[in-house]
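Peer 1:
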Amino acid sequence: MVREKFGFWSIVLLGINAIIGSGIFLLPNKAYALSGSYSLLVILFDAFLAISLALCFAELSGLFTRNGGPYIYAKAAFGNFIGFEVGFMKAAISIIAWAAMSNGFATALAAIYPEAGIPLVKNFIIVLLMGSLGLMNIFGVKLSKAVNNLVTVGKLLPLVLFIAAGLFCLQGNNLEFGTAAAATEDFSFGAAALLIFYAFTGFEAIAEAAEDMENPKKNLPRAIVMVMLVVSVFYFLIQTVSIGVLGAGLSETKTPIATAAAYIFGPVGLALVTAGTLVSIGGINMASSFLTPRVIVAIADDKMLPPVLSRYSRWGTPYVAIIFSTVVGILIALSGSFTTLAAISVVSRFAQYLPSCLAVLVLRRRHPEAPSSLQAPFGPLFPVVSIAVSIWLLLQADIDKIIFGLGGLAVGIPFYFLMKKQYLSKQGENEQDNDEGVPVESTAGR
77 MVREKFGFWS IVLLGINAII GSGIFLLPNK AYALSGSYSL LVILFDAFLA
127 ISLALCFAEL SGLFTRNGGP YIYAKAAFGN FIGFEVGFMK AAISIIAWAA
177 MSNGFATALA AIYPEAGIPL VKNFIIVLLM GSLGLMNIFG VKLSKAVNNL
227 VTVGKLLPLV LFIAAGLFCL QGNNLEFGTA AAATEDFSFG AAALLIFYAF
277 TGFEAIAEAA EDMENPKKNL PRAIVMVMLV VSVFYFLIQT VSIGVLGAGL
327 SETKTPIATA AAYIFGPVGL ALVTAGTLVS IGGINMASSF LTPRVIVAIA
377 DDKMLPPVLS RYSRWGTPYV AIIFSTVVGI LIALSGSFTT LAAISVVSRF
427 AQYLPSCLAV LVLRRRHPEA PSSLQAPFGP LFPVVSIAVS IWLLLQADID
477 KIIFGLGGLA VGIPFYFLMK KQYLSKQGEN EQDNDEGVPV ESTAGR
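Using our numbering, the first residue of the sequence shown is number 77, and each one after it goes up by one.
1. Alpha carbons only, please: which of Ala-446, Ser-386 and Val-88 is nearest the one belonging to Ile-398?
2. Assign Phe-82 to one of three DSSP states: helix, strand, or coil.
3. Grab the span of the alpha helix (DSSP H) containing Lys-294 for me, first residue to last.
4. CA-CA distance, Pro-488 and Lys-151?
5. In its own chain, which residues sit with a C-beta less than 6 angstroms from the C-beta of Pro-234, not counting the 5 before and 5 after it?
6. Whose C-beta lies closer than 6 angstroms to the C-beta of Ala-409 among residues of the same chain, with five residues either side of it excluded?
7. For Ile-319, which option in Ala-336, Val-303, Ser-308 and Val-306 has the closest C-alpha, if you only look at C-alpha atoms?
8. Beta-carbon separation of Leu-103 and Ala-269 under 8 angstroms?
9. Run through the region 194-275 for me and flag every whole alpha helix (DSSP H) of 4 or more residues, listed as ranges in chain order.
10. Once you ignore the five residues that flank Leu-296 on each side, which residues in its own chain have a CB closer than 8 angstroms to its CB?
11. Taking only runs that begin and end inside the region 415-502, name each unbroken alpha helix (DSSP H) of 4 or more residues, in chain order.
12. Under three-state DSSP, which class holds Met-289?
13. Cβ of Val-306 versus every heavy atom of the ligand ADP: is any distance shorter than 7 angstroms?
14. Does the region 224-241 come close enough to the region 358-368 to have 3 or more Cβ pairs within less than 8 angstroms?
15. I need the DSSP call for Ser-362, collapsed to helix, strand or coil.
16. Can you give me the Cβ contacts of Gln-451 inside the same chain, cut-off strictly under 6 angstroms, excluding the 5 residues immediately before and after it?
17. Does the structure place the region 367-382 close enough to the region 156-163 that three or more beta carbon pairs sit under 8 angstroms?
18. Helix, strand or coil: which one does DSSP assign to Lys-523?
19. Note down, in chain order, each residue of its chain lying with its Cβ closer than 6 angstroms to the Cβ of Thr-331, except the 5 sequence neighbours on either side.
20. I'd like the list of long-range same chain contacts for Asn-93, defined as Cβ closer than 8 angstroms, with 5 residues on each side in sequence excluded.
21. Output the boundary residues of the alpha helix (DSSP H) element that contains Asn-179.
Have a look at this one:
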């Protein structure tokens, strides 16, 4: 059976869907509370970091066609142990992020359906949402692709309308630097940067499903860069309109974009953006449900997780990994709040960003004869800047968030040695696979 795959524009829409979600709808108020109008500079700062990281991932994605993303990159550059640690963290991060998104959906729904804020009802909504998406993904890529494309367009239209109309309703004094929280002792650029960076995460996820993409070596690098440019422009304009319309009131609302839309359009605008918020957060849940099992499959294919996780259904989908990630994700979502899960998720992601940026430098030196279809410009500039800024941003987190966020690295160590024997057995069966890994076609696909 010929497997349905994502074409270039479907990859772009999947990437946008994997990024734009609860973050930009629920976090602008918190960023404003921490940094006032300087939150616009925070978004530009985070956009620069995200685009720098995206260029590194784009270069790496042009070297491989296997599922796994950061796991494959770290394994090729640094060997089995580091690869497994990154892959283990990536799988954990993906599940935690999906749990945060499902929690965020219930939080947003409570704005128009107050009963959704009741713990029992909220838990039911989370289970129903994640369970339904898991079931949908078992039935094939074709259905997932169609729903993803429709949902992504549906989430962008209200945002475009919000930005277009909002730019005519700005109050200039609201946008002056030094206003609101930025003028108080509570001003924290670093804390705001770490918080709002959560809204930019997810660009790396589309490389996890390389085997479900058409011509991934060509399409993935271009799609990653385009996605980040589009998202960065959207975020800056959304924050500009939110501040320009609400001013200091932005820090006092739990649904900033919906509140600003009500000011611009009245009740109709509130309903439109609230519906768009739910579509958007539902969409990123859909993208997470599709992408999360793929990194688990990549590790299981190498016998570094139980091989049963890489079993495929008659529809060509990794049904065991889908069921596993759905069940674990539901348990995590039921155990924490959106803000807490989001903070842990963003800290955890640096366990894949830093090794991937370093992998760019290592693989360039080790395999100059196999250049990527898209290479980050200016030599080592973007990888080095990405590493330095990522470390600085990571240090802005509270120590407890760092411990929870990176604790999975320690948890993964016994799992690695437990699975190592199976992995080395597979190594003997496949002479083309080795501890270092090489970015050539022989490492790709099944």
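Cβ coordinates follow ideal geometry from the N, Cα and C atoms, glycine included.
Values in this document were obtained by computation on a predicted structure and should not be read as measured data.
Peer 2: On the basis of the supplied data:
1. Residue numbering aside, residue 398 sits at position 322 when the sequence shown is read from its first letter. Nearest option by C-alpha distance: Ser-386.
2. In the sequence shown, the residue the question calls residue 82 occupies position 6. Residue state, collapsed to three classes: strand.
3. Counted from its first residue, the sequence shown places residue 294 at position 218. Note, Lys-294: alpha helix (DSSP H), 292-322.
4. Here residue 488 refers to the residue found at position 412 of the sequence shown. Here residue 151 refers to the residue found at position 75 of the sequence shown. The sequence as given places Gly at residue 488; Pro does not occur at that position. So the two alpha carbons sit approximately 15 angstroms from each other.
5. The count along the sequence shown starts at 1 and reaches residue 234 at position 158. For Pro-234, where only same-chain residues beyond five positions count, the Cβ hits under 6 angstroms are Leu-348, Val-349 and Gly-352.
6. Locating residue 409 in the sequence shown gives position 333, where the first residue counts as 1. The answer, listed in chain order, is Ala-175, Ser-178, Asn-179 and Ile-202.
7. Along the sequence shown, one-based indexing puts residue 319 at 243. Answer by Cα proximity: Ala-336.
8. Reading the sequence shown from its first residue, position 27 is the one you call residue 103. Reading the sequence shown from its first residue, position 193 is the one you call residue 269. In this structure, Ala-269 does not lie closer than 8 angstroms to Leu-103 by Cβ.
9. Within the region 194-275, the complete alpha helix (DSSP H) segments at least 4 residues long are 195-214, 217-242 and 265-273, listed from N- to C-terminus.
10. Indexing the sequence shown from 1 puts residue 296 at position 220. In the same chain as Leu-296, and ignoring 5 residues on each side of it, the C-beta atoms closer than 8 angstroms to its own belong to Ile-87, Ala-134, Ser-137, Gly-138, Ile-282, Ala-283, Ala-286 and Met-289, in chain order.
11. Within the region 415-502, the complete alpha helix (DSSP H) runs of at least 4 residues are 426-442 and 457-470.
12. By one-based count along the sequence shown, residue 289 stands at place 213. DSSP places Met-289 in strand when its eight states are reduced to three.
13. Absence of the ligand ADP is noted for the structure shown, with no ligands found whatsoever.
14. Contact annotation: the region 224-241 touches the region 358-368, with at least three C-beta pairs closer than 8 angstroms.
15. In the sequence shown, residue 362 corresponds to position 286, counting from 1. The displayed chain sequence assigns Met, not Ser, to residue 362. Note: Met-362 maps to helix in three-state DSSP.
16. Within the sequence shown, the letter at position 375 stands for residue 451. Glu-135, listed in sequence order.
17. The answer is yes - the region 367-382 touches the region 156-163, with three or more Cβ pairs under 8 angstroms.
18. One cannot answer for residue 523 here, as it falls past the ends of the chain, which runs 77 to 522.
19. Here residue 331 corresponds to residue number 255 of the sequence shown, with the count starting at 1. Excluding positions up to five away in sequence, the list reads Ala-187.
20. On the sequence shown, residue 93 is found 17 positions in, with the first residue counted as 1. Here the set comprises Asn-224, Val-227, Thr-228, Lys-231, Gly-359, Ile-360, Met-362 and Ala-363.
21. Residue 179 sits at position 103 when you count from the first residue of the sequence shown. For Asn-179, the enclosing alpha helix (DSSP H) covers residues 156-185.
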